[in-house]
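Asks:
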Amino acid sequence: MEKPQILLLTHGGWGKALTESLKMIMGSVDFVHEIPLTPELTFSEYYALVDEYAAGMPKKSLIITDVFGGTTTNAGAKIGRERDLKVISGLNAPIMIEACTQIQYTGDLNFDVVLQQGQASVMDVIHEVNQSMGKKES
Amino acid sequence: MAEIVLCRIDSRLIHGQVMTKWVNQCQANRIVVVSDSLAADEFMLEIYLMSAPAGVKVECLSRADAVKNWNDNEFLNGRVLLLLPDLESMKEVYDGGIQLSKIQVGGLGGAPNRKVVFQNITLDDADVERLVYLQEKGVEIIFQTIPEDVPQDVSTILKKYNN
Numbered sequence: 182m183e184k185p186q187i188l189l190l191t192h193g194g195w196g197k198a199l200t201e202s203l204k205m206i207m208g209s210v211d212f213v214h215e216i217p218l219t220p221e222l223t224f225s226e227y228y229a230l231v232d233e234y235a236a237g238m239p240k241k242s243l244i245i246t247d248v249f250g251g252t253t254t255n256a257g258a259k260i261g262r263e264r265d266l267k268v269i270s271g272l273n274a275p276i277m278i279e280a281c282t283q284i285q286y287t288g289d290l291n292f293d294v295v296l297q298q299g300q301a302s303v304m305d306v307i308h309e310v311n312q313s314m315g316k317k318e319s
Numbered sequence: 258m259a260e261i262v263l264c265r266i267d268s269r270l271i272h273g274q275v276m277t278k279w280v281n282q283c284q285a286n287r288i289v290v291v292s293d294s295l296a297a298d299e300f301m302l303e304i305y306l307m308s309a310p311a312g313v314k315v316e317c318l319s320r321a322d323a324v325k326n327w328n329d330n331e332f333l334n335g336r337v338l339l340l341l342p343d344l345e346s347m348k349e350v351y352d353g354g355i356q357l358s359k360i361q362v363g364g365l366g367g368a369p370n371r372k373v374v375f376q377n378i379t380l381d382d383a384d385v386e387r388l389v390y391l392q393e394k395g396v397e398i399i400f401q402t403i404p405e406d407v408p409q410d411v412s413t414i415l416k417k418y419n420n
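Read top to bottom, the protein sequences are chains A and B. Going left to right, the first sequence walks through residues 182 to 319 as my numbering numbers them. Going left to right, the second sequence walks through residues 258 to 420 as my numbering numbers them.
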């Protein structure tokens, strides 16, 4: 099976900066590609750019967008549905680390786990730590 | 009768700038999108509906339905942000009876033969004709992408286009 790819759709292309920084932790992530939404692009133009790239992506590849309600997600959702690709909105570092680690170590992508890790990655730190300490005491 | 707190022409329709900036800026609690293609696309429409911020109702009408609802006084209540994808639909609904006194051009996308006039807003000859038409009807037309921009009036923009 061809290794899944990750396609990032972000406003202005901040996913590229995120990916560059993550290379410090992850090493090479040549299976990550980004298509930035720049201000001059209309929905249709952006859709066409993303769709052209998505057409060549292997099965089980993943689209990750930054903001639900933004053009990145609007375009990603339409293409994901048409091309049977999963789409996650709410790009962050933990999602990327999970997805990239999976691809690097297994050559595959477990979508449910990526989604779950992403959803669990935003937390009230002090509260969580206090709760965890409290559990040990009781 | 609804109050149109903002009428915006934006080819991206509902997107980041509109949701994070304009909805708050104009204190809208309803967004009415006028788009034939979106009204006919159940999946995309659902995404737009889901992306509405808390407390804001989103609906989408075809051009014909928008005009009909307007003329039947069925534009319900609320503080409405009216959103249209292009000047062609604006002129059509204006001629149909949605005669607003002020419209904002916030984003008109690129295509060959279109000229950039302000930030990411482009016009072609047909759009210029529509702007002049609406201007002559007495509509105040401004060009502004986000609230932080200084709004440009249509005369300035048309001069730029003709240069």
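For every residue, glycine included, the Cβ atom is placed at its ideal position computed from N, Cα and C. Values in this document were obtained by computation on a predicted structure and should not be read as measured data.
Anything in chain B within Cβ reach of valine 248(A), meaning under 8 Å, just list it in chain order.
Replies: Counting from one through the first sequence, the residue named residue 248(A) turns up at place 67. Within 8 Å Cβ-Cβ: Gly273.
Asks: Can you give me, in chain order, the residues of the region 249 to 274 of chain A that have a beta carbon less than 9 Å from any beta carbon in chain B?
Replies: Within the region 249 to 274 of chain A, the residues whose Cβ lies closer than 9 Å to some Cβ of chain B are Phe249, Gly250, Gly251, Thr252, Thr253, Thr254, Asn255, Ala258, Lys259 and Arg262, listed in chain order.
Asks: May I ask you to list, following chain order, the residues of the region 264 to 296 of chain B that have a beta carbon less than 8 Å from some beta carbon of chain A?
Replies: Listed by position, the residues of the region 264 to 296 of chain B near chain A (Cβ gap below 8 Å) are Ser268, Arg269, Leu270, Ile271, His272, Gly273 and Met276.
Asks: What does DSSP give as the partner residue(s) for lysine 267(A) in the beta ladder?
Replies: Taking the first residue of the first sequence as 1, we reach residue 267(A) at position 86. Note: lysine 267(A) sits in a beta bridge opposite Leu243(A).
Asks: Below 8 Å, is the gap between the Cβ of valine 407(B) and the nearest heavy atom of the ligand SAM?
Replies: Inclusion of the ligand SAM in the displayed structure is not the case, the ligand content being empty and no account of it being possible.
Asks: Do the CB positions of aspartate 268(A) and glutamine 283(A) come within less than 9 Å of each other?
Replies: Numbered from 1 along the first sequence, position 87 holds the residue referred to as residue 268(A). Numbered from 1 along the first sequence, position 102 holds the residue referred to as residue 283(A). Here residue 268(A) turns out to be valine, not aspartate, going by the sequence shown. Contact flag unset, no.
Asks: Between the region 316 to 329 of chain B and the region 370 to 379 of chain B, do at least 3 Cβ pairs fall closer than 8 Å?
Replies: Segments in contact, no.
Asks: Straight-line CA distance for glycine 148(A) to alanine 280(A)?
Replies: Outside the shown range of chain A (182 to 319) lies residue 148(A), about which nothing can therefore be said.
Asks: With 9 Å set as the bound, which would you pick, yes or no: does the beta-carbon of glutamine 376(B) sit closer than that to a beta-carbon of chain A?
Replies: Looking up residue 376(B) in the second sequence gives position 119. So yes, glutamine 376(B) belongs to the interface.
Asks: Does the Cβ of proline 342(B) have 16 or more other Cβ atoms within 10 Å, making it buried, or fewer, making it exposed?
Replies: Within the second sequence, numbered from 1, the residue matching residue 342(B) stands at position 85. By the neighbour-count rule (16 or more Cβ atoms within 10 Å), proline 342(B) is buried.
Asks: Whole angstroms is fine: what's the gap from leucine 357(B)'s alpha carbon to alanine 296(B)'s?
Replies: Residue 357(B) sits at position 100 when you count from the first residue of the second sequence. Residue 296(B) sits at position 39 when you count from the first residue of the second sequence. So the two alpha carbons sit approximately 22 Å from each other.
Asks: Once you ignore the five residues that flank arginine 265(B) on each side, which residues in its own chain have a CB closer than 6 Å to its CB?
Replies: Position 8 of the second sequence, counted from the start, is the residue given in the question as residue 265(B). If we look at arginine 265(B) and ignore the five residues flanking it on each side, its Cβ neighbours are Leu340, Gln361 and Gly363.
Asks: Going by the CB atoms, is the gap between tyrosine 351(B) and asparagine 255(A) shorter than 9 Å?
Replies: Within the first sequence, residue 255(A) is the residue found at index 74, counting from 1. Within the second sequence, residue 351(B) is the residue found at index 94, counting from 1. The answer is no: Cβ separation not under 9 Å.
Asks: Below 8 Å between beta carbons is the criterion; list the residues of the region 211 to 237 of chain A that meet it against any residue of chain B, in chain order.
Replies: The residues in question are Pro220, Glu221, Leu222, Thr223, Phe224, Ser225 and Glu226.
Asks: What is the DSSP secondary structure of leucine 290(A), reduced to helix, strand or coil?
Replies: Position 109 of the first sequence, counted from the start, is the residue given in the question as residue 290(A). Leucine 290(A) falls in the coil class under three-state DSSP.
Asks: Using a Cβ cut-off of 7 Å, pull out every chain A residue sitting near serine 308(B), in sequence order please.
Replies: In the second sequence, the residue the question calls residue 308(B) occupies position 51. In chain order: Phe249 and Gly250.
Asks: I'd like to check one pair, glutamine 186(A) with leucine 230(A): are the Cβ atoms closer than 9 Å?
Replies: Translated into positions along the first sequence, residue 230(A) becomes position 49. Translated into positions along the first sequence, residue 186(A) becomes position 5. The answer is no: Cβ separation not under 9 Å.
Asks: Please classify tyrosine 227(A): is it buried, with 16 or more other beta-carbons within 10 angstroms of its beta-carbon, or exposed?
Replies: Translated into the one-based positions of the first sequence, residue 227(A) becomes position 46. Tyrosine 227(A) comes out buried.
Asks: Between lysine 197(A) and the rest of its own chain, which residues show a CB-CB distance below 6 Å, the 5 nearest in sequence each way excluded?
Replies: Within the first sequence, numbered from 1, the residue matching residue 197(A) stands at position 16. So the qualifying residues of the chain are Glu215.
Asks: Kindly give me the distance between the Cβ atoms of isoleucine 278(A) and isoleucine 206(A), rounded to whole angstroms, as I take these residues to be in contact under 8 Å.
Replies: Mapped onto the first sequence, residue 278(A) falls at position 97. Mapped onto the first sequence, residue 206(A) falls at position 25. Confirmed, about 7 Å.
Asks: Which residues of the region 183 to 209 of chain A have a Cβ closer than 9 Å to any Cβ of chain B? Give them in chain order.
Replies: Going along the region 183 to 209 of chain A in chain order, one finds His192 with a Cβ nearer than 9 Å to chain B.
Asks: Assuming the contact rule is C-beta atoms closer than 8 Å, serine 270(A) and threonine 246(A) should be a hit. Round their C-beta distance to whole Å, please.
Replies: Here residue 270(A) is taken as the residue at index 89 of the first sequence, counted from 1. Here residue 246(A) is taken as the residue at index 65 of the first sequence, counted from 1. Yes, serine 270(A) and threonine 246(A) are in contact; Cβ-Cβ is about 5 Å, under 8 Å.
Asks: Go ahead and pull the three-state DSSP assignment for lysine 314(B).
Replies: Here residue 314(B) corresponds to residue number 57 of the second sequence, with the count starting at 1. Three-state DSSP puts lysine 314(B) in a strand.
Asks: Anything in chain A within Cβ reach of phenylalanine 332(B), meaning under 9 Å, just list it in chain order.
Replies: Residue mapping note: residue 332(B) aligns to position 75 of the second sequence, counting from 1. What phenylalanine 332(B) touches in chain A: nothing, since even the nearest Cβ is about 24 Å away.
Asks: Within the 9 Å Cβ cut-off, does methionine 347(B) reach chain A?
Replies: One-based indexing of the second sequence puts residue 347(B) at position 90. Not an interface residue.
Asks: For the alpha helix (DSSP H) that aspartate 232(A) lies in, which residues bound it at each end?
Replies: By 1-based counting over the first sequence, the position of residue 232(A) is 51. Unbroken alpha helix (DSSP H) run through aspartate 232(A): 224 to 235.
Asks: Determine the direct distance from the alpha carbon of glycine 273(B) to that of aspartate 410(B), and round the result to whole angstroms.
Replies: Taking the first residue of the second sequence as 1, we reach residue 410(B) at position 153. Taking the first residue of the second sequence as 1, we reach residue 273(B) at position 16. Distance between the alpha carbons of aspartate 410(B) and glycine 273(B): 24 Å.
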